[in-house]
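If you read the sequence shown in the working numbering, its first letter stands for residue 5, the second for the next number, and so on. Glycine included, each C-beta is placed from N, C-alpha and C at the ideal position. Predicted model only: the values in this text are computed from it and were never measured.
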Amino acid sequence: MILWVAIAGVGWWSLRADGPEPVDLEAAVAQLETAAGNESASSSDSTPATESSENSGEAPSAGPGASVTTSTAAAGDDTLSTNSGTETTSWDTEAAGLAGVWTVVTGEGADGATGEVPVSFAGYRVVEVLAGGVDESTVVGRTAEVAGAIELSGGALVAATVQVEMAGLRTDDSHRDSHARGALNTEEFPLAVFRLAEPVELPAGVVEGEGFSGSVLGDLTIKGVTNRVVFDLEARRAGDTIVVVGSAPVIFSDYGVTAPMSVAVISVEDHGIMEFQLFFAR
5 MILWVAIAGV
15 GWWSLRADGP
25 EPVDLEAAVA
35 QLETAAGNES
45 ASSSDSTPAT
55 ESSENSGEAP
65 SAGPGASVTT
75 STAAAGDDTL
85 STNSGTETTS
95 WDTEAAGLAG
105 VWTVVTGEGA
115 DGATGEVPVS
125 FAGYRVVEVL
135 AGGVDESTVV
145 GRTAEVAGAI
155 ELSGGALVAA
165 TVQVEMAGLR
175 TDDSHRDSHA
185 RGALNTEEFP
195 LAVFRLAEPV
205 ELPAGVVEGE
215 GFSGSVLGDL
225 TIKGVTNRVV
235 FDLEARRAGD
245 TIVVVGSAPV
255 IFSDYGVTAP
265 MSVAVISVED
275 HGIMEFQLFF
285 AR
């Protein structure tokens, strides 16, 4: 019986589709520009509005992406702090028109796991190994249920808070997802939260759409456990939107999490990658 289960596992494994590619700044910006082009073409074919958003009471568009809503971090302890105290550098975000709080933009009804549309998402990448080391595959879990904000002041990123609804994480296997929710204890700890620990200087070129690449230090809380982490970050201003992608290695046991498994014949490594793609607008 065990032999037949192993054979079935190998067959199932060989038929699995590859997961989404790792987050990539150029791809995220391209998605945004494509959506903006489609929205512009759609608008040109429709009847012009008879009343502007300023006069009608409707909120102005949050950015060039299609079908977006602005979502801020929850009130209380997870609210973004706007107290910076950062010294002004050779350029100033206020003079450049970038100063202030930018909030996460999410796509309505978008599938956060596909990465094919300009949607904010967060997730993980982890290697699953077939029992006996027969084969291995990288599993990707993502969710578009994210919220948060960043603050720019004095030529720097001075504050950031991002929240992730952990129960929303999805892979290509619903059974694995169920095990993951149990391992993360999402009923008791529904949110994973990242908070920036110290300001990050930004180059003046970001005003003109120059890309930024660097590292950010912050506190990551998963399952009620907080650890200091370093995310490798890339960001770019694209019109009225700031596009940010990043990733960091994570050891699940550091957060009291047992790596989720799909079926009995598969083991999962204790370490993986946390990643995100976020669009911010004001």
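Same chain, Cβ closer than 7 angstroms to residue i, neighbours up to 5 away in sequence not counted
i	result
Arg185	Ala171
Gln339	The chain is shown only over 5 to 286; residue 339 falls outside these bounds and no answer can be derived.
Leu29	Gly215, Glu238, Arg240, Val247, Val249
Gly218	Val204, Leu237
Residue nearest to residue i in terms of C-alpha spacing, selected from the options
i	options	result
Gly104	Leu156, Glu132, Trp95, Ser217	Leu156
Arg240	Gln167, Glu191, Arg174, Ala285	Ala285
Gly127	Asp258, Glu98, Pro253, Asn231	Pro253
Thr38	Ala242, Ser251, Ala99	Ala242
Ala208	Asp177, Gly41, Ala151, Gly101	Gly101
Asp181	Pro194, Gly145, Ala151, Glu191	Gly145
Ile277	Ser251, Ser257, Tyr259, Gly260	Ser251
Asp244	Asp96, Glu192, Val211, Val133	Val211
Asn231	Gly213, Gly159, Gly260	Gly260
Val229	Ala34, Gly213, Glu192	Glu192
Proximal residues to residue i (C-beta, below 6 angstroms), its chain only, five neighbours per side dropped
i	result
Glu149	Glu169, Gly172
His275	Ile255
Ser141	Glu132
Helix, strand or coil at residue i [DSSP, three-state]
i	result
Glu192	coil
Ser251	strand
Ser124	coil
Asp181	helix
Asp3	Residue 3 cannot be examined here, being either before or after the span of the chain that is shown, 5 to 286.
Thr225	strand
Ala285	strand
Leu173	coil
Glu279	strand
Cutoff 8 angstroms; reference residue i; Cβ partners in own chain excluding five residues on either side
i	result
Asn189	Lys227
Expected contact under 8 angstroms - CB spacing of residue i and residue j to nearest Å
i	j	result
Thr262	Ala196	Actually they are not in contact, since the Cβ atoms of Thr262 and Ala196 sit about 16 angstroms apart, beyond 8 angstroms.
Val143	Thr175	6 angstroms
Ala201	Leu221	5 angstroms
Val234	Val130	Not confirmed; about 19 angstroms, so no contact.
Phe283	Val109	4 angstroms
For residue i: DSSP bridge partner residues
i	result
Glu155	Val105, Ala163
Ala242	Thr245
Val233	Gly222
Ala147	The amino acid at residue 147 is misidentified as Ala; the sequence shows Thr. Thr147 pairs with Ala126.
Check: residue i C-beta below 7 angstroms from any heavy atom of the ligand ATP
i	result
Glu30	With respect to the ligand ATP, the structure offers nothing, as it holds no ligand at all.
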